[in-house]
Ligand SMILES: [Zn+2]
Ligand SMILES: [Zn+2]
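In this note's numbering, the protein residues as written are 1 to 510.
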């Protein structure tokens, strides 16, 4: 690897990204050893091999604290429906995909009916008309429900005879059982290709670290190890959160953590997030609790016994209350051994839960792109929750004011792997009082994730002793109008001081 001088840049570091902290730096092996101004003219470094960064703004590379990595790669191999605008459009995309791929299954992803003109999911009969002869499985964007065609219903009746369609989709436990069965049976070569696509997509967006939330109901332990081995290769960095209640694999692999999207409740999109009052657009339901208090207490003790950090998914106010209560009880019982657990999403907390989470030293892994897609008076949150509750979703500024640590993430494939979309979401929250500053937003996507995984002394800053993962930008984020942050792109990406060749970026789904 050797030693190399990088110069001619406007280097920024956090917490103050607005002012240049250096214009040149030295990387030895994969570590930064020196930062400063005019190092290229200094006798100690002037003869080193050098890279001219062309005046670019340089930032530490991005980290995404919540990615379903294998799942994300699989969506790039399937039929993505993110951009679909109507039911006809959905059917056209399915037909087009089926014509180009000979697989038994047509796996379609990221359908969000709230973005369709008709504001409803397709029916089984409608999908049958588009693709009659092969099995079709359309995952809703939140990965909490799915719509099959008749061929897929026949398969479901064989593998899980008690599965029943709710309207025309599978949800709750039936969805979980069927989806995990479907994922398990996909060929290994397909999964390997999927991982490479996900890695390339990350690199193209300046993400060099992911927290990969894998396994559990969505995959087998073999799949989790496949992901872990893939992420251990040089040129990219990932830490694995095993979404399981069994710590055996985490212990064997030496991962000091357990969980991920280990669900306390479901999601707003599928009306399964657990609410204290019914859904505004379906008063017959208030959502589902998948794990009750006893269950959560048991998981907290298990993690205390094994010295593991725990990460759990909680979205609705009732689910968050229960999880916070379990974390607080854990701290009372086990002291520092129960500190620093994660709560994923934390979308609709009550003031009491916010104070309780702070008291329990909980860390919040949040997804600000949710507000870009579903926040505000006319989108999905308002539809499902009604206007009053929709004004209280994702209260980022309030959480910070309580001293809670926030790490940014995408929940990919739920929202795209794109830190600038997340940063945009933090800074442009539809509720103005809940907006973060750009510096706070960058911190959440650059520094905080590493602290959540205990890697804060190695990653997230451009200072001596830190890993030389950095990105070059042509535009200075501090000079870009807030409402255009999502248009930013990285220009060059370096991992451990090595430039990622641009042909290793995945720009469009395969
Ligand atoms: Zn989740
Ligand atoms: Zn998730």
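Built from N, CA and C at the ideal position, the CB exists for glycine as well.
Taking the CA atoms as reference points, residue 66 sits about 6 Å from residue 212.
Where residue 324 is concerned, the enclosing alpha helix (DSSP H) starts and stops at 317 to 334. According to the DSSP assignment, residue 425 belongs to the alpha helix (DSSP H) that extends over 419 to 427. Three or more Cβ pairs drawn from the region 52 to 69 and the region 404 to 424 lie within less than 8 Å of each other, which places the two stretches in contact. In terms of side-chain proximity, the C-beta atom of residue 202 is found no nearer than 7 Å to any non-hydrogen atom of ligand 2.
Under DSSP, residue 121 shares a beta bridge with no residue. In this structure, 54 is the residue among 54, 80 and 45 with its C-alpha nearest to the C-alpha of residue 9. Short of 6 Å from the beta carbon of residue 347, and not among the five residues preceding or following it, lie these beta carbons of its own chain, in chain order: 315, 393 and 394.
With contacts defined by Cβ atoms closer than 8 Å, residue 5 and residue 50 form a contacting pair. A contact is defined here as three or more CB-CB pairs under 8 Å, and the region 36 to 43 fails this definition with respect to the region 477 to 489. Here the distance from the Cβ of residue 438 to the nearest heavy atom of ligand 2 is not below 7 Å.
With the rule of 3 Cβ pairs closer than 8 Å, the region 137 to 156 counts as touching the region 176 to 185.
Annotated as distal: residue 173 and residue 164, with beta-carbon spacing of 8 Å or more.
Annotation: residue 304 is outside any beta strand (DSSP E); the continuous alpha helix (DSSP H) that includes it extends over 293 to 306. For residue 63, the uninterrupted beta strand (DSSP E) segment begins and ends at 62 to 67.
At a cut-off of 7 Å, the beta-carbon of residue 344 counts as near ligand 2: some heavy atom of the ligand is closer than that.
Annotation for residue 19: no alpha helix (DSSP H) segment contains it, and DSSP assigns it neither H nor E. Under the three-pair Cβ rule at 8 Å, the region 316 to 327 counts as touching the region 272 to 285. Under the 10 Å beta carbon count, residue 191 is surrounded by 16 or more other beta carbons and is classified as buried.
Neighbourhood of ligand 2, defined by CB distance below 5 Å to any of its heavy atoms: 261 and 411, in chain order.
In the DSSP assignment, residue 135 forms a beta bridge with 105. Counting only runs of at least 3 residues, the region 340 to 389 fully encloses the following beta strand (DSSP E) elements, listed from N- to C-terminal order: 342 to 345 and 363 to 366. For residue 313, the distance from the CB to the nearest heavy atom of ligand 1 is below 7 Å. In the three-state reduction of the DSSP assignment, residue 140 falls in the strand class, which pools E and B. By the criterion of a C-beta distance shorter than 7 Å, residue 391 is surrounded in its chain by 431, once the five residues flanking it on both sides are discounted. Residue 309 has 257 as its beta-bridge partners, per DSSP.
Distance between residue 234 and residue 197, taken at the CA atoms: about 16 Å. Ranked by Cα distance from residue 424, the first of 484, 132, 12 and 385 is 484. Scanning the region 164 to 245 for uninterrupted beta strand (DSSP E) segments of 3 residues or longer gives 207 to 214 and 237 to 242, listed from N- to C-terminal end. In the structure shown, the three-state DSSP call for residue 148 is strand. Per DSSP, the unbroken beta strand (DSSP E) holding residue 8 starts and ends at 3 to 11. Here residue 270 is buried, its C-beta having at least 16 other C-beta atoms within 10 Å.
Residue 111 sits in a strand when the DSSP states are folded into three classes. For residue 328 against residue 356, the beta-carbon gap comes to about 5 Å, under 8 Å, which counts as contact. Within the same chain, and ignoring the five residues on either side of residue 17 in sequence, the residues whose Cβ sits closer than 8 Å to its Cβ are 59, 438, 439, 442, 477 and 478. Sequence-distant partners of residue 21 (beyond 5 residues in either direction) whose C-beta falls short of 8 Å from its own C-beta, in its chain, are 11, 12, 13, 35 and 462.
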